[in-house]
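In this note's numbering, the protein residues as written are 2 to 295.
Structural data, given as structure tokens:
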């Protein structure tokens with residue numbers, strides 16, 4: 002990772018962590034529920050989604066305070082999905098980011114409720130943001146609920162589960178991951194550009210960019226599950242094969258998966274160039290997502 006991008010990510014991870022703390026300080030809820038929510042939310046991670054949102058905003062504007070509620074809300078929804086994914090009824094994982102998964106620490110019942118709480122609190126913090134207009138709040142909540150709901154991430158999850166029982170082709174695999182992974186990335190760039198007053202045409206190009214970025218992200222995830230270092234990943238490798246998941250290496254082989262990732266990268270950068278903005282950080286993030294080792 003280039004040092005400039007590394008500094009950008011580290012700085013904004015610290016910013017993000019401070020904002021999470023401020024939102025939870027004002028939350029008067031049962032102690033065990035708050036501990037469970039924060040356990041997963043503060044468990045590290047790359048914070049790719051909020052950083053992508055921030056970089057998309059900064060491509061068009063500078064006053065980043067308007068993005069804070071959306072940054073935290075987006076990561077809350079991503080975290081809720083991980084808490085539920087790790088449950089025995091889903092992927093049945095014991096470790097996430099090098100730590101015991103939420104249900105292993107707090108029990109399945111509390112983990113389910115913590116996930117529910119992260120999802121619903123995300124919309125509350127956007128709705129209460131004094132820096133956003135009513136129009137902006139409605140836009141963000143409507144888009145985020147669609148991206149994370151039954152026509153977005155949740156749809157991708159159920160299609161992924163159904164794919165364990167059959168052999169899917171490339172078109173079906175792309176659809177699964179465009180929904181499961183890509184929709185929240187599309188929200189990230191859309192929210193950032195919208196709050197930065199980008200034009201509709203610019204937003205459309207960024208949405209197309211994010212579609213391919215989601216596929217790049219998933220291909221690299223699939224490759225790392227075969228070739229990655231467990232110590233760096235913070236979880237066991239080979240879980241996709243164990244769970245009979247449909248993956249790019251399973252469908253195309255490792256070399257074919259790498260070739261497809263390169264194709265997606267070319268398409269992503271093609272749309273990024275058309276966004277007509279200062280997209281240097283987004284370009285660097287694309288390369289990082291494509292080449293990351295964890």
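Ideal Cβ placement from N, Cα and C applies to all residues, glycine included.
Taking C-alpha atoms, which residue in the options lies nearest to residue i?
i, options, result
"residue 83", "41, 50, 162", "41"
"residue 54", "186, 276, 126, 265", "186"
"residue 50", "13, 37, 24", "13"
"residue 135", "160, 196, 93", "196"
"residue 180", "148, 102, 276, 73", "148"
"residue 191", "216, 140, 171", "140"
"residue 202", "276, 160, 71, 215", "276"
"residue 11", "207, 253, 45, 163", "45"
"residue 161", "182, 77, 290, 76", "182"
"residue 269", "31, 107, 32, 211", "211"
"residue 33", "157, 107, 63", "107"
"residue 198", "5, 57, 47", "57"
"residue 6", "286, 163, 218", "286"
"residue 79", "200, 100, 118", "118"
"residue 70", "155, 193, 157", "193"
"residue 157", "163, 146, 164, 177", "177"
"residue 244", "295, 163, 207", "163"
DSSP beta-bridge partners for residue i?
i, result
"residue 96", "101"
In three-state terms, what does DSSP make of residue i?
i, result
"residue 77", "helix"
"residue 206", "helix"
"residue 161", "helix"
"residue 138", "helix"
"residue 49", "helix"
"residue 184", "helix"
"residue 108", "coil"
"residue 178", "helix"
"residue 272", "helix"
"residue 87", "coil"
"residue 244", "coil"
"residue 28", "coil"
"residue 1", "With the chain covering only 2 through 295, there is no way to say anything about residue 1."
"residue 295", "coil"
"residue 68", "helix"
Measure the C-alpha to C-alpha separation of residue i and residue j and round it to an integer number of angstroms.
i, j, result
"residue 204", "residue 142", "17 Å"
"residue 189", "residue 220", "19 Å"
"residue 122", "residue 153", "19 Å"
"residue 284", "residue 273", "8 Å"
"residue 166", "residue 39", "35 Å"
"residue 292", "residue 267", "14 Å"
"residue 258", "residue 120", "33 Å"
"residue 175", "residue 184", "12 Å"
"residue 112", "residue 252", "33 Å"
"residue 27", "residue 36", "14 Å"
"residue 254", "residue 150", "32 Å"
"residue 81", "residue 144", "17 Å"
"residue 172", "residue 62", "36 Å"
"residue 77", "residue 92", "20 Å"
"residue 229", "residue 115", "30 Å"
"residue 132", "residue 67", "6 Å"
"residue 85", "residue 218", "20 Å"
"residue 260", "residue 206", "23 Å"
"residue 29", "residue 75", "21 Å"
"residue 256", "residue 64", "43 Å"
Leaving out five residues before and five after residue i in sequence, what residues of the same chain have Cβ atoms less than 6 Å from its Cβ?
i, result
"residue 169", "247"
"residue 124", "142"
"residue 227", "250"
"residue 60", "278, 279, 280"
CB-CB under 8 Å to residue i, same chain, minus the five flanking residues each way: which ones, in chain order?
i, result
"residue 109", "88, 89"
"residue 73", "17, 20, 21, 24, 51, 123, 126"
"residue 138", "127, 128, 130"
"residue 213", "265, 266, 268, 269, 272"
Please confirm if residue i has its CB atom under 8 Å from at least one CB of chain B.
i, result
"residue 134", "The structure shown contains no chain B; it holds only a single protein chain."
Who are the near neighbours of residue i in its chain, counting only those whose CB is closer than 7 Å to its CB and skipping five residues on each side?
i, result
"residue 105", "95"
"residue 241", "223, 226, 248"
"residue 98", "44, 45, 46, 235"
"residue 208", "187, 190, 191"
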